[in-house]
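Q:
Protein chains in written order, with the working numbering: chain P, 28 to 387; chain E, 28 to 387.
1) Determine the DSSP secondary structure at residue 289 (chain P), reduced to helix, strand or coil.
2) Which residue comes first and which comes last in the alpha helix (DSSP H) that contains residue 92 (chain P)?
3) Hey, out of E:372, E:204, E:123, E:46, whose CA is closest to residue 65 (chain E)'s CA?
4) Taking residue 366 (chain P) as the reference, which of P:314, P:332, P:330 has the closest Cα?
5) What do you get for residue 96 (chain P), buried or exposed, if any count of 16 or more other CB atoms within 10 angstroms of its CB means buried?
6) Do the segment 201–212 of chain P and the segment 137–149 of chain P meet, that is, are 3 or more Cβ pairs less than 8 angstroms apart?
7) If you follow the alpha helix (DSSP H) that residue 151 (chain P) is in, where does it begin and where does it stop?
8) State yes or no: is the C-beta of residue 131 (chain P) within less than 8 angstroms of the C-beta of residue 171 (chain P)?
9) Use the C-beta contact count for residue 363 (chain E): other C-beta atoms within 10 angstroms, 16 or more gives buried, fewer gives exposed.
10) If the criterion is Cβ atoms closer than 8 angstroms, does the pair residue 121 (chain E) and residue 67 (chain E) meet it?
11) Take residue 329 (chain E) and list the residues in its own chain whose beta-carbon comes closer than 6 angstroms to its own, dropping the five residues that flank it on each side.
12) List the residues that DSSP assigns as beta-bridge partners of residue 71 (chain P).
13) Residue 32 (chain E): buried (16+ other C-beta within 10 angstroms of its C-beta) or exposed?
14) Along the segment 101–119 of chain P, where does the CB come closer than 8 angstroms to a CB of chain E? Name the residues.
15) Taking buried to mean at least 16 other C-beta atoms within 10 Å of its own C-beta, is residue 75 (chain E) buried or exposed?
16) When DSSP builds the beta bridges, which residues end up paired with residue 276 (chain E)?
17) Taking any Cβ of chain P, which residues in the segment 182–193 of chain E have a Cβ under 7 angstroms from it, in chain order?
18) Does any residue of chain P have a CB that is nearer than 8 angstroms to the CB of residue 371 (chain E)?
19) Which complete alpha helix (DSSP H) runs does the segment 174–254 of chain P hold, if anything under 4 residues is left out?
20) How far does the beta strand (DSSP E) with residue 120 (chain E) in it reach, from first residue to last?
21) State buried or exposed for residue 237 (chain E), treating a residue as buried only when at least 16 other CB atoms are found within 10 Å of its CB.
22) Buried or exposed for residue 266 (chain E), going by 16 or more other Cβ atoms inside 10 Å?
23) Pick helix, strand or coil for residue 371 (chain E), following the three-state DSSP scheme.
24) Give me, in chain order, the residues of the same chain whose beta-carbon lies closer than 6 angstroms to that of residue 387 (chain E); leave out the 5 immediate sequence neighbours on both sides.
25) Is residue 377 (chain E) helix, strand or coil by DSSP?
26) Across the segment 182–198 of chain E and the segment 152–166 of chain E, are there enough close Cβ pairs to call them in contact, namely three or more that are closer than 8 angstroms?
27) Grouping DSSP H, G and I as helix and E and B as strand, with all else coil, what is residue 130 (chain P)?
28) Curious, which full-length alpha helix (DSSP H) runs of at least 4 residues does the segment 319–349 of chain P contain?
29) Put residue 172 (chain P) into one of helix, strand or coil per three-state DSSP.
30) Can you grab the Cα-Cα spacing for the pair residue 217 (chain P) / residue 250 (chain P), in whole Å?
31) Alpha carbon to alpha carbon, how far is residue 199 (chain E) from residue 243 (chain E)?
32) Closer than 8 angstroms by beta-carbon distance: list the chain E residues that pair up with residue 144 (chain P), in chain order.
33) DSSP three-state call for residue 47 (chain P): helix, strand or coil?
34) Please report the straight-line C-alpha distance between residue 39 (chain E) and residue 361 (chain E), rounded to a whole angstrom.
35) So, with DSSP's three-state summary, where would you put residue 34 (chain P)?
36) DSSP three-state call for residue 124 (chain P): helix, strand or coil?
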């Protein structure tokens, strides 16, 4: 079975993404990076039990290799977990030349990447994403961070990995709900940047949901290509990169209002994309058939297509602390057509109409 | 009285340092940066009481301006203080376009700069250093961070300010001991890079210790020029920048062993420089007259010239977690002559001899 490799171009911070079935075991690129260094694998109890042993061959050349297991779940993406990592690294006297390996989903990847970015003012790290969402989203772009009680991902940094290994075999143990959450981000990539990819996802949805490795590897590759192209053009999120937040202004409000962990991030983004498409239609940008087709695709991926039944004022309040906000006024990523996104401020009336029609 | 201005050249992260007596009040560069933005002044109880009001004119054009006062002291350069800053910024709904102003010494500067580097993955900040040490050291170079119970400055980031305002009038309220601690870093700049500057400091020591504004402004300017030149050539501390750590391997060991806050950082660096010069002499690099002259200058600046009376093994152990260490073996910044530094590993025997002779 083919192994895909993609290079994210960011000057001296460029790195490869290796995608395929079984790429975890005996990977040369990881072995070269680990050779002679202090290495810490950061993972959680669930994923560590399933996959940590597969990394052993690649890490055999390390000077020392320790395992740091954190509790599993978004609730632990916080300072206390980060500090457990720092405690261990300092107890083991890890220096600036050490290497952190993030083995797990988005929580582990974001937290480990952030730990790497601020441990001794920055050390190298490798992403080994084991969820579909992490493979297509958080492993590309260098966004790292933790949550704060007053907002998700509010504390963080941009820090690029040296290597990403996306092994689609690890997705077989993923709950169906989490697979769907990953599909949400892939549908998003199609919707903002590539109508052919979106059509391909619609066609292959059954194979993807059944964890067909060829279909998964091809789709993960295309999603990573799209995200990598956007990030390479706009690393610090000045403009273009913000289109990757399609569905996220509404989605973050849903997550914040329900309390993190009630809906998966991808589920909130699923409903958020339906809302953003509806808003695009109301503003005369997207035609009704396209908005409706996107809604059906999101539904067929096993994702929610309506937000929780809150008053529009509640949504607006929750969107006020969104990171894309400029002094309180949120901007929205909207669709001009399927495959083309744009960022703009929105009048109150159509926003309220969307919040009334697409929720409850 | 002349106002000096120096530009730190770091591509699109370049910034000016404005140095002089009275530059805090009604500063145009700060007013331009603050115009229309959400601004938070982060300071401590002591400095805030003395100097925060002087910033009012420069910050009058801000959209909103809040004051965050932290307890005074190195013991508070920790995650708890950082989290107080984040709590307030999120409560006030500060977005990514906000501006943080660090008004205080190194603790406030390092902590506020680090807060700026990781709040919403990075916002702008301005340094207003009010101690001599911060004016010549922590305000140039973009090093930010906090302490960890297992090591000083172990958690941090490189994040450049947009502007530094060094007002030498604020040094009049500085305790003599802290003024001497600042002189330690200035003597270091002369010792590693500029023998003429070192001779000038020796000549002007009395005026500097008496807080003569002209002498202080000229010396702060020269120290900032030296550090800025080193940082511009080597922002990420790969090689040249490490020479700024002259005296710091020993100094950090002293601080760590005594418990932070017993000796001031500059005091530990003072004794550390005497030890590093002694080690340079033993290795046949620095002549005995030069080592002795440096020792006398450090003494005349009101700084300690001997480390605490610990066994060499204790020093070696304490130096093991130094950030310059590579897998446990510390490298030392040594002097080839006054004005020229180099970085190298050192055999055990001369190191032990220095640790026995220069302590107790």
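By construction, the Cβ of each residue, glycine as well, lies at the ideal position given by its N, Cα and C atoms.
Being a predicted model, the structure only gives us computed values, none of them experimental.
A: The relevant details are as follows:
1) Indexing the first chain from 1 puts residue 289 (chain P) at position 262. Here DSSP, grouped into helix, strand and coil, assigns residue 289 (chain P) to coil.
2) Working through the first chain from its first residue, we reach residue 92 (chain P) at position 65. No alpha helix (DSSP H) holds residue 92 (chain P); the beta strand (DSSP E) holding it covers 91–97.
3) Counting from 1 along the second chain, the entry for residue 65 (chain E) is found at position 38. Ranking E:372, E:204, E:123, E:46 by Cα distance to residue 65 (chain E) puts E:123 first.
4) The residue you call residue 366 (chain P) lines up with position 339 of the first chain. Taking only the C-alpha atoms, the option nearest residue 366 (chain P) is P:314.
5) Stepping through the first chain from its first residue, residue 96 (chain P) is reached at position 69. Classification of residue 96 (chain P): buried, given that the 10 Å Cβ count is 16 or more.
6) No, because fewer than three Cβ pairs between the segment 201–212 of chain P and the segment 137–149 of chain P fall closer than 8 angstroms, the two stretches do not touch.
7) The count along the first chain starts at 1 and reaches residue 151 (chain P) at position 124. Not the alpha helix (DSSP H): residue 151 (chain P) falls in the beta strand (DSSP E), residues 151–156.
8) Stepping through the first chain from its first residue, residue 131 (chain P) is reached at position 104. Stepping through the first chain from its first residue, residue 171 (chain P) is reached at position 144. Taking 8 angstroms as the Cβ cut-off, residue 131 (chain P) and residue 171 (chain P) do not qualify as a contacting pair.
9) Numbered from its first residue, the second chain carries residue 363 (chain E) at position 336. So residue 363 (chain E) counts as exposed.
10) Position 94 of the second chain, counted from the start, is the residue given in the question as residue 121 (chain E). Position 40 of the second chain, counted from the start, is the residue given in the question as residue 67 (chain E). Yes, the pair counts as a contact, with Cβ atoms nearer than the cut-off.
11) Start at 1 with the first residue of the second chain, and residue 329 (chain E) comes out as number 302. Cβ neighbours of residue 329 (chain E) beyond the five flanking positions: 207.
12) Position 44 of the first chain, counted from the start, is the residue given in the question as residue 71 (chain P). Bridge pairing for residue 71 (chain P): P:97 [DSSP].
13) Position 5 of the second chain, counted from the first residue, corresponds to residue 32 (chain E). Exposed is the call here.
14) Residues passing the 8 angstroms Cβ filter: 106, 110, 113, 114, 117, 118.
15) Position 48 of the second chain, counting from 1, holds the residue named residue 75 (chain E). Answer is buried; the Cβ neighbour count reaches 16.
16) To locate residue 276 (chain E), count along the second chain from 1; it is residue 249. Beta-bridge pairing by DSSP links residue 276 (chain E) to no other residue.
17) Going along the segment 182–193 of chain E in chain order, one finds 182, 183, 184, 185 with a Cβ nearer than 7 angstroms to chain P.
18) Stepping through the second chain from its first residue, residue 371 (chain E) is reached at position 344. Interface criterion not met: the Cβ of residue 371 (chain E) is under 8 angstroms from no Cβ in chain P.
19) Counting only runs that start and end inside the segment 174–254 of chain P, the alpha helix (DSSP H) elements of at least 4 residues fall at 203–220, 222–236.
20) Along the second chain, one-based indexing puts residue 120 (chain E) at 93. No beta strand (DSSP E) contains residue 120 (chain E), which DSSP labels as neither H nor E.
21) Stepping through the second chain from its first residue, residue 237 (chain E) is reached at position 210. Result: exposed.
22) Reading the second chain from its first residue, position 239 is the one you call residue 266 (chain E). Residue 266 (chain E) counts as exposed, since fewer than 16 other C-beta atoms from the protein chains shown sit within 10 angstroms of its C-beta.
23) As a working mapping, residue 371 (chain E) is identified with position 344 in the second chain. Strand.
24) For this step, residue 387 (chain E) is matched to residue 360 along the second chain. Result list for residue 387 (chain E): 336, in chain order.
25) Taking the second chain and counting its residues from 1, the one referred to as residue 377 (chain E) is at position 350. Here residue 377 (chain E) sits in helix by DSSP.
26) Inter-segment contact for the segment 182–198 of chain E and the segment 152–166 of chain E is present: three or more beta-carbon pairs are separated by less than 8 angstroms.
27) Locating residue 130 (chain P) in the first chain gives position 103, where the first residue counts as 1. Reduced to three states, the DSSP call for residue 130 (chain P) is strand.
28) Inside the segment 319–349 of chain P, DSSP marks whole alpha helix (DSSP H) runs of 4 or more residues at positions 339–346, from first to last along the chain.
29) If you number the first chain from 1, residue 172 (chain P) lands on position 145. Correct three-state label for residue 172 (chain P): strand.
30) Looking up residue 217 (chain P) in the first chain gives position 190. Looking up residue 250 (chain P) in the first chain gives position 223. Near 8 angstroms, if we compare the C-alpha coordinates of residue 250 (chain P) and residue 217 (chain P).
31) As a first step, residue 199 (chain E) must be located in the second chain, where it is residue number 172. As a first step, residue 243 (chain E) must be located in the second chain, where it is residue number 216. Those two C-alpha atoms are separated by around 11 angstroms.
32) Against the first chain, residue 144 (chain P) aligns to sequence position 117. Chain E residues near residue 144 (chain P): 184.
33) In the first chain, counting from the first residue as 1, residue 47 (chain P) sits at position 20. Residue state for residue 47 (chain P) is assigned as strand, using DSSP reduced to three classes.
34) Within the second chain, numbered from 1, the residue matching residue 39 (chain E) stands at position 12. Within the second chain, numbered from 1, the residue matching residue 361 (chain E) stands at position 334. Near 33 angstroms, if we compare the C-alpha coordinates of residue 361 (chain E) and residue 39 (chain E).
35) Start at 1 with the first residue of the first chain, and residue 34 (chain P) comes out as number 7. Note: residue 34 (chain P) maps to strand in three-state DSSP.
36) For the purposes of this step, residue 124 (chain P) is identified with residue 97 of the first chain, where counting begins at 1. The answer is coil: DSSP assigns residue 124 (chain P) none of H, G, I, E or B.
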